[in-house]
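Chemist: Counting in UniProt numbering, the final residue of the sequence shown is number 278, and the numbers go up one at a time with none missing.
The following block contains the structure, expressed as structure tokens.
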Amino acid sequence: MKHLHSGKVRDLYETDDGLLLMVASDRMSAFDYILEPEIPDKGAILTQMSLWWFDQLKDVVPNHVVAPGDESRSVLCRPLKMVQVECVARGYLAGGGLNEYRADGTVSGVRLPEGLEDGSRLPEPIFTPSTKAPQGQHDEPMSYEQVVAEVGAEVAAELRRITLAVYTRGAEIARERGIILADTKIELGWDADGVLTLGDEVLTPDSSRFWPADEWKPGRSQPSFDKQFVRDWLLSPESGWDKSSGNPPPRLPDHVVERTRQRYLEAYERVTGSPFSG
Numbered sequence: 001m002k003h004l005h006s007g008k009v010r011d012l013y014e015t016d017d018g019l020l021l022m023v024a025s026d027r028m029s030a031f032d033y034i035l036e037p038e039i040p041d042k043g044a045i046l047t048q049m050s051l052w053w054f055d056q057l058k059d060v061v062p063n064h065v066v067a068p069g070d071e072s073r074s075v076l077c078r079p080l081k082m083v084q085v086e087c088v089a090r091g092y093l094a095g096g097g098l099n100e101y102r103a104d105g106t107v108s109g110v111r112l113p114e115g116l117e118d119g120s121r122l123p124e125p126i127f128t129p130s131t132k133a134p135q136g137q138h139d140e141p142m143s144y145e146q147v148v149a150e151v152g153a154e155v156a157a158e159l160r161r162i163t164l165a166v167y168t169r170g171a172e173i174a175r176e177r178g179i180i181l182a183d184t185k186i187e188l189g190w191d192a193d194g195v196l197t198l199g200d201e202v203l204t205p206d207s208s209r210f211w212p213a214d215e216w217k218p219g220r221s222q223p224s225f226d227k228q229f230v231r232d233w234l235l236s237p238e239s240g241w242d243k244s245s246g247n248p249p250p251r252l253p254d255h256v257v258e259r260t261r262q263r264y265l266e267a268y269e270r271v272t273g274s275p276f277s278g
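The structure is reproduced here in structure tokens:
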């Protein structure tokens with residue numbers, strides 16, 4: 001097969017009949033750096049979790065999946081012409097959204113009530129898109145008006161509708177399993193018939209924030225089943241890394257690698273209700 005592209009986590013190949021084989025590696029990225037060492041089983045967990053979610057969402061939005069690949073970390077899919085907007089939905093305030101809110105009371109141009117804290121539940125889920133920056137650069141928040149200018153009013157409305165519908169369905173299912181889906185990012189593109197289609201990954205610990213519902217407490221950083229654990233360690237005194245230094249992050253110690261693997265594994269098993277088989 002022809003190798004087309006390698007991203008922070010996934011490698012993309014083209015088959016002889018024009019389909020794509022997407023392979024999720026065990027690479028871990030944070031703050032636009034690829035970290036070392038890799039997280040064992042991460043790629044397979046992401047792929048199998050995405051396949052499970054694609055099935056749960058098939059009546060919400062069509063997806064690019066043709067069939068699972070020969071390996072647990074790969075999937076055969078239809079090529080899409082990707083929308084050049086990162087589609088993000090938030091139901092809770094955290095991460096970059098929290099930083100924006102603290103600066104001016106808005107997230108991607110959406111005005112929020114005063115007095116919200118880290119982890120606060122929003123009055124309703126909101127669409128908070130961002131730019132799709134090249135690898136190594138930062139995505140920047142976009143207002144809805146900027147999305148309209150980028151893709152047109154009709155497409156912008158569909159991006160918002162689909163993103164919020166995916167978040168709403170995902171949040172409902174997660175809540176039944178004792179998990180809060182705080183936010184998520186999805187990738188959309190046009191298929192050969194011009195239909196907006198869900199691609200890449202969906203509702204994984206790499207693309208979403210998952211919090212244990214019984215430990216949720218606004219006003220602090222929430223315990224999580226996603227890579228926030230790695231981000232928190234990188235910013236801790238133990239790592240000794242200065243994010244603003246321009247230097248790459250340090251190597252992850254064994255205990256961080258193992259704890260991260262366990263969190264991804266628990267996210268998969270709690271959400272799907274099935275043991276991970278590799």
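Where is the CB? At the ideal position from N, CA and C, for every residue including glycine.
Just so it is clear, the structure is predicted and the values come from calculations on it, not from any experiment.
Kindly give me the distance between the Cβ atoms of PRO125 and ARG90, rounded to whole angstroms, as I take these residues to be in contact under 8 Å.
Modeler: Confirmed, about 7 Å.
Chemist: Would THR15 be called buried (16 or more neighbouring beta carbons within 10 Å of its own) or exposed?
Modeler: Result: exposed.
Chemist: Measure the C-alpha to C-alpha separation of PRO40 and ARG175 and round it to an integer number of angstroms.
Modeler: Near 27 Å, if we compare the C-alpha coordinates of ARG175 and PRO40.
Chemist: Report yes or no: is there a C-beta of chain C within less than 7 Å of the C-beta of VAL61?
Modeler: In the structure shown, chain C does not exist; there is a single protein chain.
Chemist: Could you name the residues that DSSP lists as bridge partners for PHE210?
Modeler: Partner(s): LEU181.
Chemist: For HIS64, report the span of its alpha helix (DSSP H) as first-last.
Modeler: Unbroken run through HIS64: none, as it is neither H nor E.
Chemist: Can you tell me whether DSSP reads HIS255 as helix, strand or coil?
Modeler: It is helical.
Chemist: Compare the Cα-Cα distances from GLU238 to each of PRO253, SER224, ILE180 and ASP104 and report the closest residue.
Modeler: Taking only the C-alpha atoms, the option nearest GLU238 is PRO253.
Chemist: Per DSSP, which one or two residues make a beta bridge with LYS243?
Modeler: Paired residues: none, contrary to the question.
Chemist: From which residue to which residue does the beta strand (DSSP E) around PHE54 run?
Modeler: Counting along the chain, PHE54 falls outside any beta strand (DSSP E), though it belongs to the alpha helix (DSSP H) covering 42-56.
Chemist: Short check: CB of LEU164 to CB of PHE127, under 7 Å?
Modeler: Cβ distance < 7 Å, so LEU164 and PHE127 count as in contact.
Chemist: Which residue marks the beginning of the alpha helix (DSSP H) containing THR168, and which one marks its end?
Modeler: Looking at the DSSP string, the run of the alpha helix (DSSP H) that includes THR168 is 153-176.
Chemist: Applying the criterion that 16 or more other CB atoms from any shown protein chain within 10 Å of the CB defines a buried residue, is VAL65 buried or exposed?
Modeler: Buried.
Chemist: Can you find the residues in the same chain that come closer than 8 Å, C-beta to C-beta, to ARG140, ignoring five residues on each side of it along the sequence?
Modeler: This sequence places Glu at residue 140; Arg is not what is there. Result list for GLU140: SER130, THR131 and ALA133, in chain order.
Chemist: Going along the chain, which residues of its own chain have a beta-carbon closer than 8 Å to the beta-carbon of PHE54, five neighbours each way excluded?
Modeler: So the list reads ASN63, VAL65, LEU198 and VAL202, once near-sequence residues are dropped.
Chemist: DSSP on ASP104, reduced to helix/strand/coil?
Modeler: ASP104 falls in the helix class under three-state DSSP.
Chemist: Let me confirm a value: ALA182 is counted as buried when at least 16 other C-beta atoms fall within 10 Å, else exposed. Which label applies?
Modeler: ALA182 comes out buried.
Chemist: What do you get for GLY278, buried or exposed, if any count of 16 or more other CB atoms within 10 angstroms of its CB means buried?
Modeler: Flag for GLY278 reads exposed.
Chemist: Who are the Cβ neighbours of LEU12 in its own chain at under 7 Å, not counting the five residues just before and after it?
Modeler: Excluding sequence neighbours, LEU12 sits near LEU4, HIS5, LEU20 and MET22.
Chemist: In the DSSP output, which residue or residues are listed as bridge partners for residue 284?
Modeler: Any question about residue 284 goes unanswered here, given that the chain covers just 1 to 278.
Chemist: Buried or exposed for MET1, please, with buried defined as at least 16 other CB atoms from any protein chain shown within 10 angstroms of its CB.
Modeler: Looking at its Cβ environment, which holds fewer than 16 other Cβ atoms inside 10 Å, MET1 is exposed.
Chemist: Rounding to the nearest angstrom, what Cα-Cα distance links VAL83 and LEU188 in this structure?
Modeler: Those two C-alpha atoms are separated by around 6 Å.
Chemist: Using DSSP with H/G/I as helix, E/B as strand and the rest coil, what is ARG27?
Modeler: Correct three-state label for ARG27: coil.
Chemist: Could you spell out where the alpha helix (DSSP H) holding ASP232 opens and where it closes?
Modeler: 228-234 is the span of the alpha helix (DSSP H), which, as asked, contains ASP232.
Chemist: Would you kindly check if the distance between the Cβ of VAL256 and the Cβ of TRP233 is under 7 Å?
Modeler: Yes, the Cβ-Cβ distance between TRP233 and VAL256 is below 7 Å.
Chemist: Spatial neighbours of GLU215 within its chain, please: CB distance less than 8 Å, with the 5 preceding and 5 following residues excluded, ordered by chain position.
Modeler: Around GLU215: GLN222 and PRO223.
Chemist: Tell me, which residues are paired with TYR33 by DSSP?
Modeler: Answer is ALA30.
Chemist: Helix, strand or coil for ALA149, going by three-state DSSP, please let me know.
Modeler: The answer is helix: DSSP assigns ALA149 an H, G or I state.
Chemist: Applying the criterion that 16 or more other CB atoms from any shown protein chain within 10 Å of the CB defines a buried residue, is GLN262 buried or exposed?
Modeler: Exposed, because fewer than 16 other Cβ atoms sit within 10 Å of the Cβ of GLN262.
Chemist: Quick check: ARG73 and GLY119, are their CB atoms within less than 7 Å of each other?
Modeler: Not closer than 7 Å, so no.
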